[in-house]
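Chains as they are written, first to last, in my numbering: chain A, 557 to 912; chain H, 557 to 912; chain X, 557 to 912; chain P, 557 to 912. Beta carbons: idealized from backbone N, C-alpha and C, even for Gly. A short worksheet on the structure shown next.
4 protein chains.
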Amino acid sequence: MLVVMRADATAEQIAAVCRHIESLGLRAHAIPGAQRTAIGITGNKGALEPSDLEVLEGVAEAIRVSKPYKLVSLEVKPEPTVVRVGRAAIGGGELAFIAGPCAVENREQLFRIADQVAATGAQLLRGGAFKPRTSPYAFQGLGEKGLAILAEARERFGLGIVTEAIDTESLALVEQYADMIQIGARNMQNYSLLRRAGQSRKPVLLKRGMAATLDEWLMAAEYVLSEGNYQVVLCERGVRTFSDHSRNTLDLSVVPAVKAVSHLPVIVDPSHGTGRRDRVLPLARAALAVGADGLIVEVHDQPEHAASDGPQSIYPRQLEQLMEQARRLAPLLERSAPGAAAGAGAHPAYGAGEGR
Amino acid sequence: MLVVMRADATAEQIAAVCRHIESLGLRAHAIPGAQRTAIGITGNKGALEPSDLEVLEGVAEAIRVSKPYKLVSLEVKPEPTVVRVGRAAIGGGELAFIAGPCAVENREQLFRIADQVAATGAQLLRGGAFKPRTSPYAFQGLGEKGLAILAEARERFGLGIVTEAIDTESLALVEQYADMIQIGARNMQNYSLLRRAGQSRKPVLLKRGMAATLDEWLMAAEYVLSEGNYQVVLCERGVRTFSDHSRNTLDLSVVPAVKAVSHLPVIVDPSHGTGRRDRVLPLARAALAVGADGLIVEVHDQPEHAASDGPQSIYPRQLEQLMEQARRLAPLLERSAPGAAAGAGAHPAYGAGEGR
Amino acid sequence: MLVVMRADATAEQIAAVCRHIESLGLRAHAIPGAQRTAIGITGNKGALEPSDLEVLEGVAEAIRVSKPYKLVSLEVKPEPTVVRVGRAAIGGGELAFIAGPCAVENREQLFRIADQVAATGAQLLRGGAFKPRTSPYAFQGLGEKGLAILAEARERFGLGIVTEAIDTESLALVEQYADMIQIGARNMQNYSLLRRAGQSRKPVLLKRGMAATLDEWLMAAEYVLSEGNYQVVLCERGVRTFSDHSRNTLDLSVVPAVKAVSHLPVIVDPSHGTGRRDRVLPLARAALAVGADGLIVEVHDQPEHAASDGPQSIYPRQLEQLMEQARRLAPLLERSAPGAAAGAGAHPAYGAGEGR
Amino acid sequence: MLVVMRADATAEQIAAVCRHIESLGLRAHAIPGAQRTAIGITGNKGALEPSDLEVLEGVAEAIRVSKPYKLVSLEVKPEPTVVRVGRAAIGGGELAFIAGPCAVENREQLFRIADQVAATGAQLLRGGAFKPRTSPYAFQGLGEKGLAILAEARERFGLGIVTEAIDTESLALVEQYADMIQIGARNMQNYSLLRRAGQSRKPVLLKRGMAATLDEWLMAAEYVLSEGNYQVVLCERGVRTFSDHSRNTLDLSVVPAVKAVSHLPVIVDPSHGTGRRDRVLPLARAALAVGADGLIVEVHDQPEHAASDGPQSIYPRQLEQLMEQARRLAPLLERSAPGAAAGAGAHPAYGAGEGR
């Protein structure tokens, strides 16, 4: 922490600030300058807030020098974390792909789409059973019934399951059925939910809040790690800005920013990030090119009938294209991408032809 | 809903869109234009999303014409709602003032401050027992013990109690002890919590999320009303923008914007809205001048020792000034403001002198 | 400037940074900490940029401690500046009111409105002769002919003239005809124009850019002052955010923030700040309540026929209300407001009745 | 344009709006709905503003259906524009690379860097002679002398020259010496400058303003085209948001958004977009992957001594890497990238070794 005194601060005010700092068990280092004095503080273990000092007389500003997070930091753990979910090792050499419909609508729909997702080589299946909706009158998901369908799809198609928990009750169910617990953007600062996720033994996918700074996002992850669950994957999904040509502004520069300070893997959601099907592939390519460890993408074979998010869901044939482009792009990034499934189209009952 | 066709849309595409709309049980009204055709839709009860139509061929854009909220709307209930909490009638002729420390720290601290709050004429006492903190390592509040202290303060000082619930567990406790349940900005889209608040019989103070549009905020209130609890007060507390001279950007123009579409009362929090003690009074005056139904303000007699938010807490003597200014301002706004307590300073044990 | 070294910086890197700082003629003060070392710099006259140091090895971050502006700062001139324009003394005890149409459309229109503006007691008349328009196809103003009409209105109605210059050519004309040169939000960082305004002997009204921080705005003013023109009034007119209920987000908290660091007067434009007539009066009251030195407001007697900005222009009768409210509010703010003109309605030819 | 009436609008108000529309020479199409009536307008040539109608009684909202731009639109010119500058054909099959120092500091510096830029295969050289600086006390560029050095570099190294004009005076010089006129972000709505650029016969590089929507950016380009200069290249360089981990938020999703509505080429500036050297390469790759027609990058061989923007300037060896990556990425994007210069290192006097 650095305390900047006002230009007109008196010697007595400066001395008083130093005494106050030392009364807290810390050391104060006064640095007299031409215009004003600054006071460096050492020995601070993180409990001190700039605002604790800004209330003192003669203080112009207190500036935090150290970061508030610890467990998520590269300084604590310099090697990258790899989070294993189903066949995927997120943060490792092979890029991870999570694909599937916005919501589980019924067994038929999910199986049809899961079959096609598996064929493309994507390792993980997404699908919401608990949906946080802006309107109380909109479809809220199938709940536990949806989770059971997802679990069945895992057995049939060999795909790990990623699905969202929206409160502690649904989290208890999600951790039973799924392979990875998603915490949505709206719940990024729902600390009770984060703590509960930290007590789970399943990996956590933590989306960035719509107005979250990098530090706040990492502090949300710190909540999960602080409860003992170190298997956290971050997910950028667009932030809210004045810009109105896309639903959100996908902040791809946060990917190298995360890598510069944290060991946690980070993936990107170009579906929510753009809100439009025709933008998903370009932004998916860009997300991989910038260094993301993987992607989460909404896929639907009949988006015009989807219960939610139809316009941003790509078709299965577009997911094939995306995976094919990822395979070509991966070597340039010193990564690999999963191959198309050997048994692609092996489940003839599930519409190898439909919607492609 | 209005569907705007692309300039190069074919007659067949236009006809297909019309057929699709009518297959949904709605009516389509094609409006051929010089450059392009638009199609108006009537009979829409709110289930249709612009994105449901934007996926059709030849469609450039679908524009929502009606608003998604209903129960919070002036169109459903043209007369203003008045929410009664303790001695206050928020949204009525008398302005409402909620004041107190950020967090309940101990019985002594709360009583000392409550005594001084009561003396100023403010009707309601705030104080957090469950604190949503950015860091898992920061003080998280006294929990139920804090609620018990608040309830005791109600009896002693005659102040209604407003305190935050951060999850369904804490809400069950808050509704037992307090007079009004606060839902914080970070939980504005925690829909499970909103539904649970909607099932309570205590009034709800709903803060605006840091990146929430007016419509999203009203939809969050709609969640509460849709469960049967019509006693909701909205609270503007600053939004997140690029602007860095204050902690948040207090959006005072949202106050008349709420009044233009909703019957719900709206108050302003200049403490979180600015993050600095020396900005609270000017912004408090401005909030009343713009038409707010009241204020919620953080007050502490020893802010340099406050467990949280010290730098934005005003001193009790500043609350007195604020109330005095409110009394002078109220007639201009065709309102009244509560008078200073007749028994001001009547509890000599609680530091009438201290910190003033 | 404070240089924060990385936790893993070597003693040699720290020494190298100190040597570099001293090679620039400055003094380095190393402050060893538990986790990392920080280096304070003194003797810096403002030429050093954080980025000059962030390129050195082992440096985590360089933090600016002093502010980049000088002449606009309270530290240089502690007493408030009062800018005299016509009958107004902006920044003095009497609040200043600038009112008039968005654009000068013709002599009849301007005179009709000026007559009514004068009757309300407002001291200054606004009206654009050079209009910066988003579309090249929109009405761009009457140019010098518009300025001549404004100058004529000054003589007839006793109102000082405030009008915008959009480039150095128009500025040369504006300074001939008008009493105050307005620099618009879009030109806040048009440094050639700012320098030229700094060479003028007429006062300058400098609007805040739509995405300008407080520091950038003050640095724009610094450009004007640095050329020798100290007569600058700042004007907040709304910033661009995600919020969509008003055209811009009026940032009223910037008013006390300006007052805390600068001696320059600051006024508010609730017309552009909201974009809607029905929001102008509430926000005008709030702007005065927060401490603004005055207002600039768009007024039109036939807004439905205005060449631009009709929907945000208030009617003359609303300006009367606004002035009346300002008179009631002023004493509470330890200010005064100008009285209605004794000779109100004295120019019967100019529609005392029309549009009221 | 679509006019949405209030739910409580009377039949007479609806009729009055229709009459008003027809009095303007347009056609009104009333669409009665269950809750409210909407009125479609056809025949509108772009002169009508939503606000012209929102002032009428009973109107809730007027929504623009057509876009305000014309000449920049794909509807007017469906085939992509290719802008030729020096050896580059921006918007064609070969990706375009503009590289060089932030500012021309002296002949030695520019020649040293230009030599290395040429060696990498980049087609165009950037370098500021007129610098828009936040502070009036900062280095403002060499002016015409800098332009002369740039022109000399063109002859010697075969690189087309791109440099910024900040006012009409500097534009007159820039068009004499350079091959492409850059309009900076701060001047994106300096309409006098845009008009003057439109009268030039040199191509224009138009940077997006820090708070500009896509429509506003395209309207700024429309200003240039409307004066007869169709050679415009758009450049995304980051927008201003709350996000604080990078200097600006690079909005890569705007690239496909531009392509969806305009025929103009669009390039990306990852240097200003991120403000940090270590972010430039990842974001440069992402910009190409998302579909940009090229890049503009700041390069300096001694960034620690650069007169400006040192920390975001990459080293010449990093530009080599960037170009190499672009060559590997291009085929995936159905593009090509220029090869390294055959004569790379052919100018031994200019530091083939230095800084690499």
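Residues of its chain near residue i, where Cβ-Cβ distance is below 7 angstroms and the 5 sequence neighbours each way are ignored
i	result
isoleucine 852 (chain A)	Ile654, Arg682, Cys791, Ile823 and Asp825
arginine 751 (chain X)	Tyr779 and Glu783
arginine 883 (chain P)	Ala893
Residue environment, residue i, which counts as buried when at least 16 other CB atoms sit within 10 Å
i	result
isoleucine 577 (chain P)	buried
aspartate 800 (chain A)	exposed
lysine 701 (chain P)	exposed
threonine 566 (chain H)	exposed
alanine 902 (chain A)	Residue placement at alanine 902 (chain A) cannot be trusted, given a pLDDT of 43 that sits under 50; the coordinates are not used to answer.
histidine 861 (chain A)	exposed
proline 867 (chain H)	buried
glutamate 568 (chain A)	exposed
proline 821 (chain P)	buried
glutamine 732 (chain H)	exposed
aspartate 564 (chain H)	exposed
Contact set between residue i and chain H, taken where Cβ atoms lie within less than 8 angstroms
i	result
proline 588 (chain P)	Thr598
Pairwise C-alpha distance: residue j and residue i
i	j	result
tryptophan 773 (chain H)	glutamine 696 (chain A)	19 angstroms
phenylalanine 667 (chain A)	alanine 777 (chain A)	32 angstroms
glycine 895 (chain X)	threonine 676 (chain X)	8 angstroms
histidine 856 (chain P)	tyrosine 871 (chain A)	45 angstroms
leucine 837 (chain H)	valine 559 (chain A)	26 angstroms
glutamine 665 (chain P)	alanine 848 (chain P)	29 angstroms
leucine 781 (chain H)	valine 760 (chain H)	10 angstroms
arginine 912 (chain X)	leucine 844 (chain P)	With a pLDDT of only 31 at arginine 912 (chain X), under 50, the local geometry of the prediction cannot be trusted, and the value read off the model is given with reservation. Approximately 59 angstroms between the Cα atoms of the pair.
threonine 593 (chain P)	isoleucine 570 (chain P)	8 angstroms
arginine 796 (chain X)	glycine 829 (chain X)	10 angstroms
leucine 839 (chain X)	alanine 768 (chain H)	21 angstroms
leucine 627 (chain A)	lysine 633 (chain A)	8 angstroms
glutamine 874 (chain A)	proline 688 (chain H)	42 angstroms
glycine 765 (chain P)	leucine 806 (chain P)	12 angstroms
Where residue i meets chain P, residues with beta-carbon distance less than 7 angstroms
i	result
serine 802 (chain A)	Ser809 and Ala813
glutamine 745 (chain X)	Pro688 and Arg742
Amino acids of chain A, ordered along the chain, whose beta-carbon sits closer than 8 angstroms to that of residue i
i	result
threonine 797 (chain X)	Phe798
leucine 851 (chain P)	Within 8 angstroms Cβ-Cβ: nothing; leucine 851 (chain P) doesn't reach chain A, min ~13 angstroms.
Opening and closing residue of the alpha helix (DSSP H) in which residue i lies
i	result
alanine 753 (chain X)	747 to 754
glutamate 605 (chain A)	Segment: none, glutamate 605 (chain A) is in no alpha helix (DSSP H) and carries neither H nor E.
glutamate 568 (chain X)	567 to 579
arginine 883 (chain X)	872 to 885
histidine 828 (chain P)	826 to 830
arginine 841 (chain P)	833 to 846
methionine 766 (chain X)	Neither: methionine 766 (chain X) is in no alpha helix (DSSP H) and is coded neither H nor E.
Range covered by the beta strand (DSSP E) that runs through residue i
i	result
lysine 701 (chain X)	It is not in any beta strand (DSSP E) - lysine 701 (chain X) instead sits in the alpha helix (DSSP H) that spans 700 to 713.
threonine 593 (chain X)	593 to 598
phenylalanine 686 (chain X)	Neither: phenylalanine 686 (chain X) is in no beta strand (DSSP E) and is coded neither H nor E.
Partners in chain X for residue i, counting only beta-carbon separations shorter than 7 angstroms
i	result
isoleucine 669 (chain P)	Neighbours of isoleucine 669 (chain P) on chain X: none; closest Cβ ~16 angstroms, over 7 angstroms.
8 angstroms CB neighbourhood of residue i in its chain, flanking five on each side removed
i	result
glycine 907 (chain A)	Caution applies to glycine 907 (chain A), whose pLDDT of 41 falls short of 50 and renders its modelled position unreliable; the value that the coordinates give is listed next. Around glycine 907 (chain A): Arg668, Asp671, Gln672 and Asp857.
alanine 886 (chain X)	Leu651, Leu844, Ser892 and Ala893
Residue i: contacting residues in chain X (beta-carbon distance under 9 angstroms)
i	result
leucine 580 (chain A)	None at all; the shortest Cβ gap to chain X is about 14 angstroms.
Any non-hydrogen atom of the ligand PLP closer than 8 angstroms to residue i Cβ
i	result
alanine 848 (chain A)	With respect to the ligand PLP, the structure offers nothing, as it holds no ligand at all.
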